[in-house]
Amino acid sequence: MPQGYAISDVKNWTDFKVIDFDLKTPGDDDIDVAITHCGICGSDVHTISGGWGPLNVPQVIPGHEIVGKVTKVGKNVKDIKVGDRVGVGAQVGSCMHCHPCTHDDENYCIGDGKGHMVDTYNSKWPDGSIAQGGYSTNIRAPEQFVFPIPDGLKSEHAAPMLCAGLTVYSPLYRNHVGPGSRVGVVGIGGLGHFAVMFAKAMGAEVVAISHSPNKKEDALKMGASEFVATKENPDWSKDYLNKPFDLIINTASSNAVDLPGMLAAIKTQGRCICVGMPEDMIKLRVQDLAMRGAFLGSSHIGSKKEALTMLQLAAEKKIEPWIELVDMKECSKAVERVSKGDIRYRFVLKQDLE
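Structural data, given as structure tokens:
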């Protein structure tokens, strides 16, 4: 029977217990995966600590950066076979019939009255069965949400790409970043370090923007051509008025993030995409948008189409995230360190449950 490390009380969000659990009801489109690795995402901490609200199910097994081997496939599965190495990200279901789902935007599913978006954990399938995540031995998901991992990627490197990587790759891809693009990346953490590496791999000139100078050396090694420490230079955006950014990816989840400064540093009609998710609201004046004719938006993980192109890019460009690999039983210590920002730059758990 599948087992996993679960949390049942947001007040004791590091008190993981090993539990037995049931996989979703099997379907003809489903793929069973024996998990070998799972990344730890900041959203895991937000969820199990109650930062984003109460738990939706009695016991939550977090984890949505999953890599493993296929052990079983349904009769309708076409492109994946038993023994393949695959990944599963932050979404495992959608209705597949609404307007977004039929336009390669299943990550923005609005539901069709029968089906709906299903998160990888802390969520329920349409039949009421509970979706559990990757701090576990097994997962079952439809082929649409299972991604083949290219041979050129190590499993521990592919895992954190399936949420953190895809979350920043999607807005880079949708905004046509390439040679000649100027991209600013705000926040050099788990998401930001992926944004720097992917933007560089896509041919862009990348400027890393962080609160303190502590990560300057790291950011330059990742591929940034410049580094800005906003604590040392509060008026940093003035330095970019005549060399503005086509796109800024804001990965910071702080409520004190300098949105006006970002908007001042982008070109006319430029875009600022926020993928960091603060727990509270952020205030912004419309005037800050108007002065640049700027577009402020966000992005939600990514589609299968984007996931496949991202993984291929990572394999071709030999992108290797900066990770710390630990046994899955260390998940309690690891999530606590993530909550304190004590990781450069992603934890990856390796399987230790039989």
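Number 125 in full-length UniProt numbering belongs to position 125 of the sequence shown; there are no gaps in the numbering. Glycine is no exception: its CB is placed at the ideal position from the N, C-alpha and C atoms. This one's a predicted model, so the numbers in the text were calculated from it and none came from an experiment.
Alpha carbon of residue i to alpha carbon of residue j, nearest angstrom
{"i": "L220", "j": "K24", "result": "44 Å"}
{"i": "G184", "j": "P26", "result": "44 Å"}
{"i": "I130", "j": "V118", "result": "10 Å"}
{"i": "G152", "j": "P160", "result": "15 Å"}
{"i": "R85", "j": "R140", "result": "14 Å"}
{"i": "A264", "j": "K350", "result": "43 Å"}
{"i": "M310", "j": "H37", "result": "19 Å"}
{"i": "P62", "j": "S332", "result": "11 Å"}
{"i": "D20", "j": "Q132", "result": "11 Å"}
{"i": "R292", "j": "S253", "result": "24 Å"}
{"i": "P244", "j": "S94", "result": "38 Å"}
{"i": "V228", "j": "A208", "result": "6 Å"}
{"i": "V196", "j": "A204", "result": "9 Å"}
{"i": "T120", "j": "C163", "result": "11 Å"}
{"i": "G270", "j": "L241", "result": "12 Å"}
{"i": "D112", "j": "Q59", "result": "28 Å"}
{"i": "N250", "j": "N107", "result": "20 Å"}
{"i": "G302", "j": "T167", "result": "6 Å"}
{"i": "M222", "j": "V45", "result": "25 Å"}
{"i": "A294", "j": "T47", "result": "32 Å"}
{"i": "K78", "j": "S298", "result": "33 Å"}
{"i": "I282", "j": "A290", "result": "18 Å"}
{"i": "D342", "j": "N12", "result": "20 Å"}
{"i": "C109", "j": "H97", "result": "9 Å"}
{"i": "R285", "j": "N255", "result": "15 Å"}
Residue closest to residue i, alpha-carbon to alpha-carbon, out of the options
{"i": "T14", "options": "K243, G50, T36, Y240", "result": "G50"}
{"i": "G39", "options": "H64, N56, K238", "result": "H64"}
{"i": "A307", "options": "F295, R346, P150, L284", "result": "P150"}
{"i": "S210", "options": "L241, N233, I31, A204", "result": "N233"}
{"i": "G89", "options": "I110, T268, I273, K304", "result": "K304"}
{"i": "S225", "options": "P2, K238, K200, I248", "result": "K200"}
{"i": "E324", "options": "K317, K318, V335", "result": "V335"}
{"i": "A327", "options": "I249, L353, E320, I80", "result": "It is worth fixing the name first, because residue 327 is Asp in this sequence and not Ala. Considering only alpha carbons, the answer is L353."}
{"i": "S170", "options": "D104, D79, R346, Q287", "result": "D104"}
{"i": "V18", "options": "K238, F147, S155, T137", "result": "T137"}
{"i": "S181", "options": "F198, S298, G189", "result": "F198"}
{"i": "A34", "options": "F194, G276, V60, M1", "result": "M1"}
{"i": "P321", "options": "G113, H99, H157, F347", "result": "H157"}
{"i": "G134", "options": "S339, I282, V73, G68", "result": "G68"}
{"i": "S155", "options": "A314, D235, Y345, M202", "result": "A314"}
{"i": "S237", "options": "A256, E217, M262", "result": "M262"}
{"i": "P213", "options": "M202, I266, T230", "result": "T230"}
{"i": "K216", "options": "H300, G87, P260, V186", "result": "V186"}
Coarse secondary structure for residue i, derived from DSSP in three states
{"i": "K231", "result": "coil"}
{"i": "Q132", "result": "coil"}
{"i": "D218", "result": "helix"}
{"i": "H37", "result": "strand"}
{"i": "I319", "result": "coil"}
{"i": "A195", "result": "helix"}
{"i": "L308", "result": "helix"}
{"i": "K340", "result": "coil"}
{"i": "I19", "result": "strand"}
{"i": "G270", "result": "strand"}
{"i": "E354", "result": "coil"}
{"i": "A6", "result": "strand"}
{"i": "D327", "result": "strand"}
{"i": "P62", "result": "coil"}
{"i": "G53", "result": "coil"}
{"i": "V186", "result": "strand"}
{"i": "P148", "result": "strand"}
N- and C-terminal bounds of the beta strand (DSSP E) containing residue i
{"i": "K72", "result": "66–73"}
{"i": "K350", "result": "346–350"}
{"i": "P142", "result": "138–142"}
{"i": "V206", "result": "205–210"}
{"i": "N250", "result": "245–250"}
{"i": "S253", "result": "Premise fails: S253 is in no beta strand (DSSP E) and is neither H nor E."}
{"i": "S298", "result": "295–298"}
N- and C-terminal bounds of the alpha helix (DSSP H) containing residue i
{"i": "D29", "result": "D29 -> no alpha helix (DSSP H), and no H or E assigned at all."}
{"i": "M287", "result": "Checking the displayed sequence, the identity of residue 287 turns out to be Gln instead of Met. 286–290 is the extent of the alpha helix (DSSP H) around Q287."}
{"i": "G261", "result": "259–265"}
{"i": "V45", "result": "42–48"}
(request) Ignoring anything shorter than 3 residues or poking outside the region 74–131, list the beta strand (DSSP E) runs there in chain order. (result) The qualifying runs are 85–88, 91–93.
(request) Could I get the ranges of all uninterrupted beta strand (DSSP E) runs contained in the region 154–182, with 3 residues as the minimum, in chain order? (result) Uninterrupted beta strand (DSSP E) stretches at least 3 residues long and entirely within the region 154–182 do not occur.
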